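All remarks here apply to the structure that follows.
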Amino acid sequence: MKKISTIVTVIGTLSLLMAAAGWAQPGMGAGGGGPRVHYGTMWEPKTVETLSGEVVGVDKYLPGRGGTSYGLRLSLKTEKETIPVVLGPVSYIEEQRIKFAANDKIGVKGSKMLIQGQPTIIAAEVKKGDQVLKLRNADGVPFWLNQGLR
Numbered sequence: 010m011k012k013i014s015t016i017v018t019v020i021g022t023l024s025l026l027m028a029a030a031g032w033a034q035p036g037m038g039a040g041g042g043g044p045r046v047h048y049g050t051m052w053e054p055k056t057v058e059t060l061s062g063e064v065v066g067v068d069k070y071l072p073g074r075g076g077t078s079y080g081l082r083l084s085l086k087t088e089k090e091t092i093p094v095v096l097g098p099v100s101y102i103e104e105q106r107i108k109f110a111a112n113d114k115i116g117v118k119g120s121k122m123l124i125q126g127q128p129t130i131i132a133a134e135v136k137k138g139d140q141v142l143k144l145r146n147a148d149g150v151p152f153w154l155n156q157g158l159r
């Protein structure tokens with residue numbers, strides 16, 4: 010019986026690691042057909058900034074070719090622009106028990122970069138009221154990559 014329990018634990022751990030690794034791999038991004046991007050590992054410390062504004066859209070998307078784990082992206086309207094904000098895997102965000110909807114007032118800290126020619130924020134932290142969604146550490150490493158190792 011102990012042997013079966015060990016096997017089940019190993020298989021479960023490997024499954025979590027494979028799912029996390031899929032998020033760290035290159036993907037096609039929204040709409041497909043464009044250059045491959047690394048949403049899970051994209052990060053540029055020199056471009057980190059903090060924005061605030063209103064959520065005008067929330068959508069789920071499949072990163073990469075053949076992706077099976079949906080990501081969550083917000084469209085944030087600031088005083089200067091409306092910009093996509095890439096958060097991370099829907100499953101990770103749902104575990105944090107924070108939801109986003111149109112008209113939410115939020116603050117976002119993240120790395121701003123061009124993705125398929127469009128300015129985009131790769132979020133590290135999102136504040137909504139007194140809630141804080143932590144997505145990446147100071148080096149930009151996604152917290153969900155270590156989720157199965159806690």
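So in the numbering used here, the last one in the sequence shown is 159, and the numbering has no gaps at all. Note that beta-carbon positions come from the ideal geometry of N, C-alpha and C, so glycine has one too. Source: prediction; values computed, not measured.
Below 7 Å CB to CB, which residues in the same chain sit around residue i once its five sequence neighbours on both sides are set aside?
{"i": "Ile92", "result": "Leu85, Pro128, Thr129 and Ile130"}
{"i": "Tyr70", "result": "Ala39, Tyr79, Gly80 and Arg82"}
{"i": "Ser100", "result": "Ser78"}
{"i": "Ala30", "result": "Legend: pLDDT at Ala30 = 40, less than 50; position of this residue unreliable, value from coordinates given subsequently. Cβ within range, chain order: n/a, list empty."}
Using a Cβ-Cβ cut-off of 8 Å (strictly less than) and excluding sequence neighbours within five positions of residue i, which residues of its own chain qualify?
{"i": "Asp113", "result": "Glu63, Val64 and Lys137"}
{"i": "Asn146", "result": "Ala133 and Phe152"}
{"i": "Leu123", "result": "Thr129"}
Give the single residue among the options whose Cα lies nearest to the Cα of residue i.
{"i": "Glu90", "options": "Pro54, Glu53, Trp153 and Lys121", "result": "Lys121"}
{"i": "Pro98", "options": "Lys55, Asp148, Gly126 and Ala133", "result": "Ala133"}
{"i": "Glu53", "options": "Asn155, Phe152, Asp148 and Trp153", "result": "Asp148"}
{"i": "Leu96", "options": "Leu144, Asn155 and Ala111", "result": "Leu144"}
{"i": "Leu154", "options": "Leu123, Ile102 and Val94", "result": "Ile102"}
Spatial neighbours of residue i within its chain, please: CB distance less than 6 Å, with the 5 preceding and 5 following residues excluded, ordered by chain position.
{"i": "Leu142", "result": "Gln105, Ile107 and Val135"}
{"i": "Gln140", "result": "Ile107"}
{"i": "Met51", "result": "Ile131"}
State yes or no: is the C-beta of residue i within less than 9 Å of the C-beta of residue j?
{"i": "Glu58", "j": "Gly116", "result": "no"}
{"i": "Gln87", "j": "Ser61", "result": "The displayed chain sequence assigns Thr, not Gln, to residue 87. Taking 9 Å as the Cβ cut-off, Thr87 and Ser61 qualify as a contacting pair."}
{"i": "Phe4", "j": "Val150", "result": "Because the chain is modelled from 10 through 159, residue 4 falls outside the range shown and cannot be assessed."}
Is there at least one non-hydrogen atom of the ligand MG closer than 8 Å to the beta-carbon of residue i?
{"i": "Leu71", "result": "Absence of the ligand MG is noted for the structure shown, with no ligands found whatsoever."}
Please report whether the beta-carbon of residue i lies at a distance below 9 Å from any beta-carbon of chain D.
{"i": "Lys136", "result": "Note that chain D does not occur in the displayed structure, where there is just one protein chain."}
Curious, which full-length alpha helix (DSSP H) runs of at least 4 residues does the stretch 65-148 contain? 99-104
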